[in-house]
Amino acid sequence: MLLKPCFLALALTLAAPAFAQPGPSAPRALPAPSLQGEDCKAQEALLERDMDLARSRGQMLRRRELADALGTLQAQCKLPAVAQGREARIERLEQDIRMLRSELEQAEAQLRTLRAEPR
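Set out below in structure tokens:
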């Protein structure tokens, strides 16, 4: 009889940590470099669907966590678009500078030929 209570105590001691495992948490947004246009839209749609589902089930804490994840995702998705816009502006300005320099060289060449002509 003494063996059963000891065995039961040992089994409960070993099994207790298994019961204390945390439940599933809210999905987290992926890092910005791996997200591109359509990936962002798909992730946003997934989070919005999960938010609606959580709202319909009355899971307000989960809905709030999903809303925070959605906000983070939207901020990360906007950063590459801003960076691309900035890179495009830089490229456009560099192209304008190259064009203006070539026009300046042509104008200087014309000026040299005019100065070199006899009067």
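Residue numbers (the numbering used here): 1 to 119. Beta carbons: idealized from backbone N, C-alpha and C, even for Gly.
Counted within 10 angstroms of its Cβ, other Cβ atoms place residue i as buried (16 or more) or exposed
{"i": "Arg-49", "result": "exposed"}
{"i": "Leu-104", "result": "exposed"}
{"i": "Asp-96", "result": "exposed"}
{"i": "Leu-114", "result": "exposed"}
Neighbour flag for residue i against chain B, beta carbons, 8 Å
{"i": "Gln-74", "result": "No chain B is present in this structure, which holds just one protein chain."}
Opening and closing residue of the alpha helix (DSSP H) in which residue i lies
{"i": "Glu-117", "result": "Glu-117 -> no alpha helix (DSSP H), and no H or E assigned at all."}
{"i": "Arg-55", "result": "37-56"}
Whether residue i touches residue j by CB criterion (8 Å)
{"i": "Leu-70", "j": "Glu-44", "result": "yes"}
{"i": "Leu-47", "j": "Leu-79", "result": "no"}
{"i": "Ala-75", "j": "Arg-62", "result": "no"}
Pick from the options that is closest to residue i, judged by C-alpha positions
{"i": "Asp-68", "options": "Leu-114, Ser-56 and Met-51", "result": "Met-51"}
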